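Engineer: Sharing a structure, written as structure tokens. Questions coming.
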Amino acid sequence: MGHSVTILGIESSCDDTAAAVVRGVPGVGGGEILSSIVAGQEDLHAAFGGVVPEIAARAHAERLDICVQRALEKSGVALADIDAIAVTSGPGLIGGVISGVMSAKALAAGSGKPVIGINHLAGHALTPRLTNGLEFPYLMLLVSGGHCQFIAVEGPDSFKRMGGTIDDAPGEAFDKTAKLLALGYPGGPEVEREAAKGDAKRFKFPRPLLDRKGCDMSFSGLKTALRRERDRIVVEKSGLTVQDRSDLCAGFQLAIADVLTEKSRRACASFKQTYKTNTAIIAVAGGVAANTLIRTQLTDMADAQGFTFLAPPLGLCTDNAAMIAWAGIEQMGLPDFDPNAEIVARPRWPLDRDAKPMLGSGKKGAKA
Ligand code: KG4
Ligand code: ZN
1 MGHSVTILGI ESSCDDTAAA VVRGVPGVGG GEILSSIVAG QEDLHAAFGG VVPEIAARAH
61 AERLDICVQR ALEKSGVALA DIDAIAVTSG PGLIGGVISG VMSAKALAAG SGKPVIGINH
121 LAGHALTPRL TNGLEFPYLM LLVSGGHCQF IAVEGPDSFK RMGGTIDDAP GEAFDKTAKL
181 LALGYPGGPE VEREAAKGDA KRFKFPRPLL DRKGCDMSFS GLKTALRRER DRIVVEKSGL
241 TVQDRSDLCA GFQLAIADVL TEKSRRACAS FKQTYKTNTA IIAVAGGVAA NTLIRTQLTD
301 MADAQGFTFL APPLGLCTDN AAMIAWAGIE QMGLPDFDPN AEIVARPRWP LDRDAKPMLG
361 SGKKGAKA
């Protein structure tokens with residue numbers, strides 16, 4: 001067994017500024033989180049109903065130093081005793097990614113430590129290795145505000161994309177729905193709270209792409225369907241009642257949960273067929289994994305498919321730097337690990353290099 005290493009992780013690719021110190025043995029599952037500091041920016045973006053990239057980048061630049069300092073203090077490890085600095089170098093909002101990369105490079109220049117560039121999605125995908133010491137391969141459903149994909153995690157640097165959204169991510173759909181219904185930001189928790197008081201059967205929302213084979217998903221039409229129902233009610237009754245709003249939220253949430261559940265069922269079946277593994281696990285990450293209905297439906301689906309459903313603690317499902325530090329440890333365990341590799345900030349960086357670009361991913365190819 002190799003030596004244990006201690007890594008400082010830095011994350012700033014979206015709207016959370018985070019730093020963490022994690023210890024583990026490269027190549028061996030299961031790590032120890034010595035500290036994990038997350039400074040959210042929800043207050044800064046709430047008025048806009050979504051993340052404003054320029055505001056996010058500036059806030060990261062202002063907060064990174066303090067987060068790093070707090071993470072080191074809390075861990076009781078001095079910068080001099082850190083083995084390497086792992087930083088998210090993509091994909092994400094480029095201003096934030098650059099803030100993090102510059103900050104990591106400055107720390108490295110001052111301390112003489114190596115810097116490891118980490119793919120943010122690899123951080124999410126490898127989290128079950130950190131928390132539960134899972135063996136490869138396992139299936140991962142990543143559902144956040146910016147991403148939605150099924151990934152077969154074959155190794156620290158080997159990912160197969162089994163399907164994903166062709167337009168909006170579910171978190172984005174929750175956020176837009178909340179905005180349409182004059183609820184707060186972020187929308188997911190608000191819509192979930194309203195939905196608890198609503199009748200999910202009153203409105204018949206579509207289940208997009210269920211008629212198409214495979215694991216690809218689409219969520220943007222759902223938001224349009226909701227807007228149409230809202231406008232119809234407003235024309236009919238010149239306004240929405242509290243009950244109308246709750247019923248809309250409940251119907252919308254159930255539609256998202258149904259699509260995620262059915263596509264996850266297909267992903268499980270396909271994973272089992274491809275990998276013929278006895279330890280069939282489906283893990284989730286991303287903020288949407290906080291949703292109780294979605295969790296319950298996925299747990300039931302997993303049971304029926306002979307899979308174990310695994311959800312890391314919520315603070316490790318959403319954006320954090322412990323997952324980035326851990327991904328750094330995993331990188332160090334690779335035979336071709338190069339501590340001197342050049343770190344470049346990449347707004348687009350698909351996890352699966354062989355996957356075909358998704359619809360809407362533009363001329364430059366897949367974003368993630
Ligand atoms: O993973 P995350 O913290 O950030 C990234 O997008 O990377 O996910 C945030 C997203 C937001 O869109 C938020 O509305 C959604 O997760 N979310 C939820 C819930 N809690 C957060 N969506 C549905 N139900 C929830 N309880
Ligand atoms: Zn994320």
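FYI, in the numbering used here the residues of the sequence shown are 1 to 368. C-beta atoms are modelled at their ideal positions from N, C-alpha and C, and glycine is treated no differently. Just so we're clear, the structure is a prediction, and the values are computed from it rather than from any experiment.
#1: Please report the straight-line C-alpha distance between ASP352 and SER158, rounded to a whole angstrom.
#2: Sort ILE294, GLY49, ALA39 and ALA71 by Cα distance to ALA20 and report the nearest one.
#3: Is PHE309 closer than 9 angstroms to ALA283 when the C-beta atoms are compared?
#4: DSSP state of GLY76, grouped into three classes?
#5: Out of VAL235, ARG266 and ALA225, which one is the CA nearest neighbour of LEU248?
#6: Closest to GLY328 by C-alpha separation, out of GLY123, ALA78 and GLY40, would be which residue?
#7: Which value, in whole angstroms, describes the spacing of the CA atoms of THR279 and PHE307?
#8: Is ALA290 near the ligand KG4, in the sense that its beta carbon is under 8 angstroms from a heavy atom of that ligand?
#9: Start and end of the beta strand (DSSP E) containing ILE116?
#10: According to DSSP, is PHE307 part of a helix, a strand, or is it coil?
#11: Give the C-beta separation of ILE68 and LEU107 to the nearest angstrom, bearing in mind that I take them to be a contact with Cβ-Cβ under 8 angstroms.
#12: Can you grab the Cα-Cα spacing for the pair ALA255 / LEU209, in whole Å?
#13: Using a threshold of 8 angstroms, is the CB atom of SER12 nearer than that to any non-hydrogen atom of the ligand ZN?
#14: Looking at the unbroken beta strand (DSSP E) that takes in GLY9, where does it start and where does it end?
#15: By Cβ distance below 6 angstroms, which residues in the same chain neighbour TYR275 in space, the five residues on each side in sequence not counted?
#16: Would LYS263 pass as an interface residue toward chain C - the criterion being a Cβ-Cβ separation below 9 angstroms?
#17: Note down, in chain order, each residue of its chain lying with its Cβ closer than 7 angstroms to the Cβ of VAL77, except the 5 sequence neighbours on either side.
#18: CA-CA distance, HIS3 and PHE337?
#19: Drop a sphere of 10 angstroms on the beta-carbon of ASP319, count the other beta-carbons inside from all chains shown, and report buried for 16 or more, exposed for fewer.
#20: Taking only heavy atoms of the ligand ZN into account, decide whether any of them is closer than 8 angstroms to the Cβ of ASP175.
#21: According to DSSP, is LYS363 helix, strand or coil?
Structural biologist: This is what the structure gives:
#1: 7 angstroms
#2: ALA71
#3: yes
#4: coil
#5: ALA225
#6: GLY123
#7: 8 angstroms
#8: yes
#9: 115-119
#10: coil
#11: Reading the sequence as shown, one finds Val at residue 68 and not Ile. Indeed they touch by this definition, with Cβ atoms about 7 angstroms apart.
#12: 12 angstroms
#13: no
#14: 5-11
#15: PRO137
#16: Protein chains in the displayed structure number just one, and chain C is not present.
#17: THR6, VAL21 and LEU34
#18: 15 angstroms
#19: buried
#20: no
#21: Here the model assigns LYS363 a pLDDT of 43, short of 50, so the residue's position is not dependable and the matter cannot be decided.
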